[in-house]
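Beneath this line is the structure, given in structure tokens, with notes to follow.
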Amino acid sequence: MSVVRPAKTVLFAGGGTGGHLFPGIALAEEFQRLEPEVNIVFAGTRRGLEARVIPEIGYPLVFLEVQGLVGVRGLKRIKALANFPKAFIQALILLVRYRPALVVGLGGYASAPVLLAAMVAGLPWVLQEQNAYPGLVNRVLAPFAGAVFIAFSKARESLKSRKIYDFGNPLRLRLQEQETPVVAELPENQRVTDSSESDFNILIVGGSQGARVLNRRVPEALAILVSRYPNLKVVHQSGNADLETVKKAYAEINCQAEVTPFIENIGACYRAADLVICRAGALTLAELAELGKAAILVPFPFAAHDHQVFNARAFVEKGAAVMQIESELTAAGLSDEIENLITRPERREKMAQAAAELARPEARAQIVNHCLKLI
0 MSVVRPAKTV
10 LFAGGGTGGH
20 LFPGIALAEE
30 FQRLEPEVNI
40 VFAGTRRGLE
50 ARVIPEIGYP
60 LVFLEVQGLV
70 GVRGLKRIKA
80 LANFPKAFIQ
90 ALILLVRYRP
100 ALVVGLGGYA
110 SAPVLLAAMV
120 AGLPWVLQEQ
130 NAYPGLVNRV
140 LAPFAGAVFI
150 AFSKARESLK
160 SRKIYDFGNP
170 LRLRLQEQET
180 PVVAELPENQ
190 RVTDSSESDF
200 NILIVGGSQG
210 ARVLNRRVPE
220 ALAILVSRYP
230 NLKVVHQSGN
240 ADLETVKKAY
250 AEINCQAEVT
260 PFIENIGACY
270 RAADLVICRA
280 GALTLAELAE
290 LGKAAILVPF
300 PFAAHDHQVF
310 NARAFVEKGA
320 AVMQIESELT
330 AAGLSDEIEN
340 LITRPERREK
350 MAQAAAELAR
360 PEARAQIVNH
370 CLKLI
């Protein structure tokens with residue numbers, strides 16, 4: 000096996016979902032912006048979003064055979080525990096090969112074997128916690144980390160560490176890029192970018208994998224409104240599973256909608272939106288704050304320890320969003336909330352301003368500058 004010994008390598012461990020992965024990519028970009036000679040390596044699983052995204056960006060990606068324990072029972076839990084020693088050995092080999100100057104844990108089960116291996120090897124390592132209620136791996140390992148970077152002050156309550164830094168969630172540089180928000184094959188005169196001042200643009204983001212409840216309820220809600228507000232225009236990130244169903248739902252109600260499994264140019268779509276309807280993942284909320292957008296939040300009810308509800312409450316308490324619980328979400332209730340925000344632009348503007356006040360634009364640089372002190 001060849002041994003790679005770059006002058007300085009930073010290894011990012013974890014991922015699975017966009018909420019864990021994209022803050023890591025943002026930090027990787029910032030490391031290379033501030034220190035161009037730094038080499039970046041990611042470690043994750045074949046099942047995670049990283050398996051598709053990281054190769055597209057061009058960073059090396061090493062797969063670990065590890066499985067999560069949260070919410071897993073019976074034989075699957077036994078198998079996950081039995082596979083962990085193998086993943087730990089894989090992580091040790093990874094460290095020997097790349098000799099990282101720093102390991103950054105992004106949360107998620109894929110980070111655990113790498114962080115434990117870094118502890119055994121005596122390498123410096125830090126944690127990036129995106130949520131108001133930290134994940135299991137970060138809660139367990141926080142006391143031993145060289146630094147724990149958080150995005151919500153409430154996370155302190157669940158982390159035992161004297162090295163906690165509340166810098167916010169790092170966002171990718173491309174979020175600020177003025178891209179054209181074309182995500183579907185519509186005629187040019189029907190695209191969001193061609194909206195007039197009289198149009199009302201709604202962006203629906205169900206996380207990196209879509210959200211079935213939003214895929215169903217939003218078209219149902221807009222069916223109630225579209226005859227009264229024919230100027231409604233929609234961009235909807237549906238995920239792959241419901242793509243055709245969602246397209247058909249909008250076509251049936253004659254609503255102008257761009258439906259796509261995943262939005263690559265999310266910053267441009269946020270900028271075009273008057274209202275965002277979305278989950279309450281930490282990354283999504285950071286994006287809402289960065290671009291100052293009013294939002295209706297529908298937290299994912301099966302998130303570990305209900306952390307999306309904790310995330311959403313942080314925004315609701317500041318007047319930056321409204322929250323609707325998925326089990327109580329109806330087409331009529333959602334349409335009422337949307338109509339209220341359409342007809343009360345002053346309320347919508349206050350929410351947008353409150354969201355902007357929660358923005359942490361320096362998070363990326365602050366975290367990386369602190370990390371550079373450790374290596």
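Residue numbers (numbering that gives the first Met the number 0): 0 to 374. Every residue, glycine too, gets a C-beta built ideally from N, C-alpha and C.
Look at residue i and residue j and say whether their C-beta atoms are less than 8 Å apart.
| i | j | result |
| --- | --- | --- |
| residue 201 | residue 272 | yes |
| residue 217 | residue 252 | no |
| residue 234 | residue 245 | no |
| residue 65 | residue 41 | no |
| residue 142 | residue 159 | yes |
| residue 122 | residue 140 | no |
| residue 300 | residue 325 | yes |
| residue 302 | residue 347 | no |
| residue 111 | residue 124 | no |
| residue 289 | residue 358 | yes |
| residue 7 | residue 100 | yes |
| residue 62 | residue 51 | no |
| residue 286 | residue 371 | no |
In the DSSP assignment, the beta strand (DSSP E) including residue i goes from what residue to what residue?
| i | result |
| --- | --- |
| residue 232 | 231-236 |
| residue 40 | 38-43 |
| residue 225 | No beta strand (DSSP E) holds residue 225; DSSP gives it neither H nor E. |
| residue 163 | 163-165 |
Once the 5 residues before and after residue i are set aside, which same chain residues still bring their CB inside 6 Å of it?
| i | result |
| --- | --- |
| residue 206 | 278, 280 |
| residue 47 | 14, 15 |
| residue 221 | 254 |
| residue 291 | 351, 354, 355 |
| residue 43 | 14, 49, 109 |
| residue 296 | 279, 311, 320, 322 |
| residue 333 | 216, 220 |
| residue 59 | 40 |
| residue 189 | At residue 189 the pLDDT is 42, less than 50, meaning the model places this residue with poor confidence and gives no usable figure here. |
| residue 368 | none |
Ignore the nearest five residues each way along the sequence and tell me which others in residue i's own chain have a CB closer than 8 Å to its CB.
| i | result |
| --- | --- |
| residue 366 | 26, 29, 127, 148, 164, 166, 169 |
| residue 116 | 87, 90, 91, 93, 94 |
| residue 23 | 11, 13, 14, 41, 103, 105, 127 |
| residue 260 | 209, 236, 237, 238, 239, 242 |
| residue 318 | 349, 350, 353 |
| residue 157 | 132, 133, 138 |
| residue 373 | 101, 123, 125, 145, 146 |
| residue 161 | none |
DSSP three-state label for residue i, please.
| i | result |
| --- | --- |
| residue 192 | With a pLDDT of only 47 at residue 192, under 50, the local geometry of the prediction cannot be trusted, and no value is derived from it. |
| residue 376 | With the chain running from 0 to 374 in the structure shown, residue 376 is simply not present. |
| residue 355 | helix |
| residue 386 | Since the displayed the chain opens at 0 and closes at 374, residue 386 lies outside it and no answer follows. |
| residue 172 | helix |
| residue 83 | helix |
| residue 214 | helix |
| residue 88 | helix |
| residue 56 | helix |
| residue 366 | helix |
| residue 350 | helix |
| residue 375 | Lying outside 0 to 374, the shown extent of the chain, residue 375 is not represented and no answer is given. |
| residue 371 | helix |
| residue 157 | helix |
| residue 360 | coil |
| residue 186 | Bear in mind that a pLDDT of 42 at residue 186, under 50, signals an unreliable position, so the number given afterwards is only what the model happens to contain. Three-state DSSP puts residue 186 in coil, outside helix and strand. |
| residue 180 | Its pLDDT being 46, under 50, residue 180 is placed unreliably by the model, and the measurement read from it follows with that caveat. The answer is coil: DSSP assigns residue 180 none of H, G, I, E or B. |
From what residue to what residue does the alpha helix (DSSP H) around residue i run?
| i | result |
| --- | --- |
| residue 150 | Unbroken run through residue 150: none, as it is neither H nor E. |
| residue 244 | 242-251 |
| residue 24 | 17-33 |
| residue 12 | That residue, residue 12, is in no alpha helix (DSSP H); its beta strand (DSSP E) goes 8-12. |
| residue 201 | Premise fails: residue 201 lies in the beta strand (DSSP E), 199-204, not in any alpha helix (DSSP H). |
| residue 265 | 265-271 |
Keeping to the same chain, check which residues put their C-beta closer than 7 Å to that of residue i; ignore five residues upstream and five downstream.
| i | result |
| --- | --- |
| residue 284 | 310, 314 |
| residue 131 | 151, 153, 154, 306, 309, 310, 313 |
| residue 21 | 171, 282 |
| residue 304 | 132 |
| residue 213 | 203, 205, 276, 297 |
| residue 338 | 224 |
| residue 228 | 199, 341 |
| residue 330 | 216, 219, 220, 223 |
Shorter than 7 Å, the distance from the beta carbon of residue i to the closest heavy atom of the ligand MG, or not?
| i | result |
| --- | --- |
| residue 341 | The model depicted lacks the ligand MG and carries no ligand whatsoever. |
Ordered list of beta strand (DSSP E) runs contained in the stretch 274-347, each at least 3 residues:
274-277, 294-296, 320-322
Continuous alpha helix (DSSP H) assignments of at least 4 residues falling wholly in the stretch 91-145
110-120, 135-140
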